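One structure is given below, encoded as structure tokens.
There are 2 protein chains.
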Amino acid sequence: MADLLNPRPPAPEGAPRRPRLGILGAGQLARMDQQAAIALDVDLRLLADGPGDAAVLAGAEALVGDHGDLDVLRAFAAGVDVVTFEFEGVDNALLQTLVDEGHRLVPTPTAKLYAQDKLHQRRGLGAAGFPVPPFEQARTADEVAAFAATHGWPVVLKAPRGGYDGRGVGVIADVAEADEFLAPLPDGALVEPALTIVRELAVQVARTSDGTAVAYPVVETVQVDAMLRELVAPAGVDPALAAEASDLALRIVEHIGATGLVAVELFLTPDGLQVNELAMRPHNSGHYSIEGAVTSQFEQHVRAALDWPLGSTALTAPAAVTVNVVGPADGSDPRERLPAALAVAGAHVHLYGKGARAGRKLGHVTALGPDAATARATAWRAVEILEGTAS
Amino acid sequence: MADLLNPRPPAPEGAPRRPRLGILGAGQLARMDQQAAIALDVDLRLLADGPGDAAVLAGAEALVGDHGDLDVLRAFAAGVDVVTFEFEGVDNALLQTLVDEGHRLVPTPTAKLYAQDKLHQRRGLGAAGFPVPPFEQARTADEVAAFAATHGWPVVLKAPRGGYDGRGVGVIADVAEADEFLAPLPDGALVEPALTIVRELAVQVARTSDGTAVAYPVVETVQVDAMLRELVAPAGVDPALAAEASDLALRIVEHIGATGLVAVELFLTPDGLQVNELAMRPHNSGHYSIEGAVTSQFEQHVRAALDWPLGSTALTAPAAVTVNVVGPADGSDPRERLPAALAVAGAHVHLYGKGARAGRKLGHVTALGPDAATARATAWRAVEILEGTAS
């Protein structure tokens, strides 16, 4: 069987058993879950790809194995009280087998499918009356052209499964591009109009199995090259719109019966809010919450997964801004410049322990402030030092 | 040689080497250091008593061995870039040997001695003109009686080394009690008057090797049964007194050349401030800083030990109160009541993973608030639930 890394010793004689929370995945999200779990004295066990995974480097106990192998999943689930996630791309049918065999999954595979399959999400939420963009399933370039005849070129094609950080999404100008995009996708793609996006918003929601749910303040995310680059909490939108976004996110999570932590990503368009994607795990749009909210999304993830009382989602400052640290084009490692970045007062630096590679998310910096502009300036100053672009 | 627990894999080919910070000790202070080190991607290596130590349970890499054995210390120091501490009771001569052999210790043994030996501290600080209580070294009950003849009974006797949380300290009413206290102490004790203590204050100071130092706001500590029970940040004293305490702490740390993190404990007496003890490591009086200061004392410890820029010591809220979680008399484990305590909004619960025993520090709860009374009420509500005394 697979290796167990950083194995914890057995509990002392007579000690109450610690809850053991299983997380599929061992990247930076699980790494930050681990920091939160230490405070609550919860034993995490992760399913990792190997000893170099970000969370394993942080000392989390981890089974090494392939999450596509049912026997690995069974062995993993047998060793924990609850299975939760730090990514989406696990075979839903295998998850259902675990449930059928009596394991507790947060969220359930039925809910998780809304985060795994964009077409399923659009169909389900659209049928329930939630605001989703116009969409069709397109298997051929002709079907794409038919959609474009109504909605205009360009259109957006999305692989239903497996995409993240812009992968699996294409802005398609004509039939030839549609053909190229669809070639590797036997089941076709989701086709949507190229929306006019005024802002991208996100709402973190946590929900326990009794239906109790809390929403974090609505945040705004700024994408560069389709990857989240900056996030601002709270979003600079009017209170009525913020309330609408928050209400929408809570209703969606309730409707699909998701438990655990859910990030609801929304587009603000000239026609109002539209659902973009759901993520059922801690999400980059919630990283500000480590310093910027009373309960971080990572502690909330642990609480929700164990069905414990949820924590306060109030902000700790008028504004919090998080900027991702991305591997510079010259391949240098931001860690080399860490001491210089720490000289920026009020910059909270988080590095993930991952090998540096151009364009790779390697960490993030959060700053709090009396307003978003002040916090943004602080966070960017540290990030520019880390990325080697400071003047 | 000793076991290495939770060993980290070698860094990937070509990756810049992570700094490796060695900490002697693996209890709850190292556990919280570990949480901070994860964010900064610093590899910790601890010297632990065994696999059940609080920080080892949190996944920190640890060598198991006896810190009183020079060969163990040598092997430990050889594997790290810097050696720092989470407790005081390491043989100073062995530490000096490590320095003589070229290892970098933060603080140096010369400075550390002020935290290890109360008599050395009183002599050194007294000679330099810092406000210390009247004191003598007393080897016999007659010498105690002579001191009492000047200062009155009762007196306070303190074992020069090894005491903490009230151990090694006695309030002595007469010669017979003095005899009993001195019996196991061949080198005698420190004798002092029983001071009238108006308040107990503490100041955390961090200092790097170039002499840069920062002080945290002055906090007030409340002891019960000689163990810290509650701490309030900032202390409710007038600004002139707070400034005097802060200035005193910084001057002391500068005078003795301490580096790393130092807690300066002070008595406020009717005659003004008097130095109580120094601790050269994170200290219970600084636990509020995890949520209550921009830079926690644990992150500051890591920064200072690596000679990195020090972080802001500003408070994040008008008031922060920390209450320790102490093992209840019935031997029950507060962890059993954790979910109920998490229902207290704004209570930040930290459990250390230690086995429950009556009177043992098992964790702490911090709450922030608009004033100390509000924060105190929140923190105590959660602690009473954890300790099973909530009505």
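The listed protein sequences correspond, in order, to chains A and B.
Just so you know, we're using my numbering here: the first sequence kicks off at 3 and counts up by one.
Just so you know, we're using my numbering here: the second sequence kicks off at 3 and counts up by one.
We put the CB at the ideal spot given by N, CA and C, even for glycine.
All values derive from a computational prediction rather than experimental measurement.
What's the call for Ala295 of chain A, buried or exposed, on a 16-neighbour Cβ count within 10 Å? buried
Nearest-angstrom Cα distance between Ala147 of chain B and Pro109 of chain B? 37 Å
Exposed or buried, what is Gln1 of chain A when buried is set at 16 or more other beta-carbons lying within 10 Å of its beta-carbon? The shown model of chain A, from 3 to 393, leaves out residue 1 of chain A, and the question about it has no answer.
Host beta strand (DSSP E) of Leu250 of chain B (start-end): Element bounds for Leu250 of chain B: not the beta strand (DSSP E) but the alpha helix (DSSP H), Pro241 to Ile258.
From the beta carbon of Gly355 of chain B, is the nearest beta carbon of chain A less than 7 Å away? yes
Note down, in chain order, all residues in the segment 189-220 of chain A with a beta-carbon under 7 Å from any beta-carbon belonging to chain B. none
For the candidate residues B:Thr376, B:Ala377, B:Tyr354 and B:Ala360, whose alpha-carbon lies nearest to that of His366 of chain B? B:Tyr354
Cross-chain neighbours of Ser314 of chain B in chain A, by beta carbon under 9 Å: Ala347 and Gly348
Residue range of the alpha helix (DSSP H) that His303 of chain A falls in? Gln299 to Ala307
Stretch-stretch touch, CB-based, cutoff 8 Å, three pairs: the segment 197-216 of chain A with the segment 255-264 of chain A: yes
Opening and closing residue of the beta strand (DSSP E) in which Arg47 of chain A lies: Asp45 to Ala50
C-alpha gap between Thr376 of chain B and Phe137 of chain B, whole angstroms: 40 Å
Coil, strand or helix - Phe183 of chain B by DSSP: helix
So is Ala306 of chain A in contact with chain B if we call contact Cβ pairs under 7 Å? no
Applying a beta-carbon distance threshold of less than 7 Å, which residues of chain B neighbour Asn94 of chain A? Ordered by position in chain B, no residue passes the 7 Å Cβ test against Asn94 of chain A, which lies about 30 Å from the chain.
Return no unless some Cβ of chain B is closer than 7 Å to the Cβ of Glu182 of chain A. no
Given that a residue counts as buried once 16 or more other Cβ atoms are within 10 Å of its Cβ, and exposed if not, what is Ser298 of chain B? buried
What did DSSP end up calling Gly390 of chain B once you bin it into helix, strand or coil? coil
Cβ-based neighbour list, Glu301 of chain A, same chain, cut-off 8 Å, excluding 5 preceding and 5 following: Ala38, Ala41, Leu42 and Gly313
Distance between Ala381 of chain A and Gly333 of chain B (C-alpha atoms, nearest Å): 47 Å
Does Leu6 of chain A have its Cβ less than 7 Å from a Cβ in chain B? no
Where Ala62 of chain B meets chain A, residues with beta-carbon distance less than 9 Å: Gly61
Which same chain residues, not among the five before or five after Glu278 of chain B, have their C-beta less than 8 Å away from its C-beta? Checking the sequence shown, residue 278 of chain B turns out to be Asn, not Glu. Contacts found: Glu202, Glu267, Leu268 and Phe269.
C-beta neighbour in chain A for Arg337 of chain B, strict 7 Å: yes
Backbone CA spacing between Asp73 of chain A and Ala113 of chain A [nearest angstrom]: 23 Å
Going along chain A, which residues have a C-beta under 9 Å from Pro11 of chain B? Leu7, Gly52, Pro53, Gly54, Val58 and Leu59
Let me check understanding here. Comparing Cα to Cα, which of A:Leu46, A:His352, A:Gly91 and A:Leu65 lies closest to Val161 of chain A? A quick correction: the sequence has Ala, not Val, at residue 161 of chain A. Checked all of A:Leu46, A:His352, A:Gly91 and A:Leu65; the closest Cα to Ala161 of chain A is A:Gly91.
Could you tell me which whole alpha helix (DSSP H) segments of length 4 or greater appear in the segment 60-131 of chain A? 72-80, 94-102, 111-118 and 120-129
Grab the span of the alpha helix (DSSP H) containing His153 of chain B for me, first residue to last. Ala143 to His153
Assuming the contact rule is C-beta atoms closer than 8 Å, Pro330 of chain A and Ala360 of chain A should be a hit. Round their C-beta distance to whole Å, please. 7 Å
Could you spell out the range, first to last residue, of the beta strand (DSSP E) harbouring Leu353 of chain B? His350 to Leu353
Can you tell me where the alpha helix (DSSP H) holding Leu233 of chain B begins and where it ends? Where Leu233 of chain B is concerned, there is no enclosing alpha helix (DSSP H), although the beta strand (DSSP E) it sits in stretches over Met229 to Ala235.
CA nearest to the CA of Ala64 of chain A, picked from A:Gly70, A:Ala56 and A:Leu184: A:Ala56
Please report whether the beta-carbon of Gly285 of chain A lies at a distance below 7 Å from any beta-carbon of chain B. Per the sequence presented here, residue 285 of chain A reads as His, with Gly not at that position. Answer no: the Cβ-Cβ gap between His285 of chain A and chain B never drops below 7 Å.
Under 7 Å Cβ to Cβ from Met3 of chain A, same chain only, skipping five residues before and after it: list those, please. The pLDDT assigned to Met3 of chain A is 49, lower than 50, so where the model puts this residue is not dependable; a value taken from the coordinates is nonetheless given after this. Answer for Met3 of chain A: Ala77, listed in chain order.
Identify whether Ala215 of chain A lies in helix, strand or coil by the three-state DSSP scheme. strand
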